[in-house]
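Okay, so here's the structure we're looking at.
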Amino acid sequence: MNKIKWPSCLQKIIMTLQEKRTTMLSKVDEWQTSGMSLAKFAKKNNIPSSTFSYWISKSKRLSNNNKSVTESSDFIRFSGDEFLPGITGQEIKLQYPNGVSLTLPTDTSIKDLKKLINF
Numbered sequence: 024m025n026k027i028k029w030p031s032c033l034q035k036i037i038m039t040l041q042e043k044r045t046t047m048l049s050k051v052d053e054w055q056t057s058g059m060s061l062a063k064f065a066k067k068n069n070i071p072s073s074t075f076s077y078w079i080s081k082s083k084r085l086s087n088n089n090k091s092v093t094e095s096s097d098f099i100r101f102s103g104d105e106f107l108p109g110i111t112g113q114e115i116k117l118q119y120p121n122g123v124s125l126t127l128p129t130d131t132s133i134k135d136l137k138k139l140i141n142f
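Under the numbering used here, the first residue of the sequence shown is numbered 24, with each subsequent residue one higher.
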């Protein structure tokens with residue numbers, strides 16, 4: 024099987040979302056060490072306080088999810104750039120908490136799945 028070459032527009036979306044997540048997490052970390060109130064920090068950084076509050080809750084959720092995934096044996100750890108073995112004629116569906124869903128062919132590489140899962 025050949026690896027799937029993602030369209031450049033999807034690669035740009037993935038990178039943009041990854042950059043946004045990185046920025047969001049760094050701002051939350053910066054706020055936690057600043058000693059400022061949420062409202063004051065958000066105002067200083069020109070971020071609507073409701074948006075920043077959402078980022079904080081999302082950061083906590085991500086932190087909790089990472090803990091539970093590493094502590095649970097119910098999950099498969101993706102590593103490397105292998106393909107899913109022995110699966111044919113079906114689809115992989117990813118659904119994000121915001122309601123967006125992606126349907127992918129089963130020969131999607133593990134590396135690409137990791138990029139899509141770890142936003």
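Beta carbons are placed, not taken as given, at the ideal position from N, Cα and C, and that holds for glycine.
- Spanning the alpha carbons of K116 and L125 requires a straight line of approximately 6 Å.
- Minimum Cα-Cα distance from P71 among the listed residues E114, D130, I140, M47 corresponds to M47.
- For I70, no alpha helix (DSSP H) run applies, since DSSP gives it neither H nor E.
- When secondary structure is reduced to three states using DSSP, T39 falls in the helix class.
- When DSSP states are grouped into helix, strand and coil, T126 belongs to the strand group.
- Straight-line spacing of the CA atoms in S60 and N141 works out to 29 Å.
- DSSP places Q113 outside both helix and strand once states are collapsed to three, so it counts as coil.
- Taking the Cα positions, K67 is about 20 Å away from S82.
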